[in-house]
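Data first, discussion second: the structure below is written as structure tokens.
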Amino acid sequence: MNQAIQVLDGCTYIGSKNALKVDIMASGQMLVCYIGGSDKESLIKLYNTKQFEIEEIIEKNLKQDKFNSDGELWLTAAAVYAY
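Our numbering puts the first residue of the sequence shown at 17, with every later residue one more than the last.
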């Protein structure tokens, strides 16, 4: 894992976004990644079974600067399952 990028353990479901929130520390800055595309229970199960894959995808997307206009990274459940 790149020491400049840390994916913090755990996740929180954000109902207003219908997504899991994963907190990231990158070069001393707090960032957010959301994982959407499924229901709450499925997303939590996805996180618990694919945590390390999610971390790899987040690192890859951070390096490619794939933020939306709000400065957030977004992943889909389908993309995580396909990884």
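Even for Gly, the Cβ is constructed at its ideal location relative to N, Cα and C.
Span separating the alpha-carbon of residue i from that of residue j
i	j	result
Ile73	Gly31	23 Å
Ile21	Leu47	10 Å
Leu59	Gly44	27 Å
Asp86	Glu75	18 Å
Buried or exposed (CB count within 10 angstroms, at least 16 for buried), residue i
i	result
Ala94	exposed
Tyr62	Contrary to the premise, residue 62 reads as Leu rather than Tyr in this sequence. With 16 or more other Cβ atoms within 10 Å, it is buried.
Three-state secondary structure (DSSP) of residue i
i	result
Lys33	coil
Leu62	helix
Tyr99	coil
Integer-rounded CB distance, given that residue j should sit under 8 Å from residue i
i	j	result
Val96	Lys66	5 Å
Same chain, Cβ closer than 6 Å to residue i, five either side skipped, listed in chain order
i	result
Met17	In this prediction, Met17 scores a pLDDT of 48, lower than 50, which makes its location untrustworthy; no coordinate-derived value is stated.
Beta-carbon proximity list for residue i, same chain, < 7 Å, skipping 5 on both sides
i	result
Asp25	none
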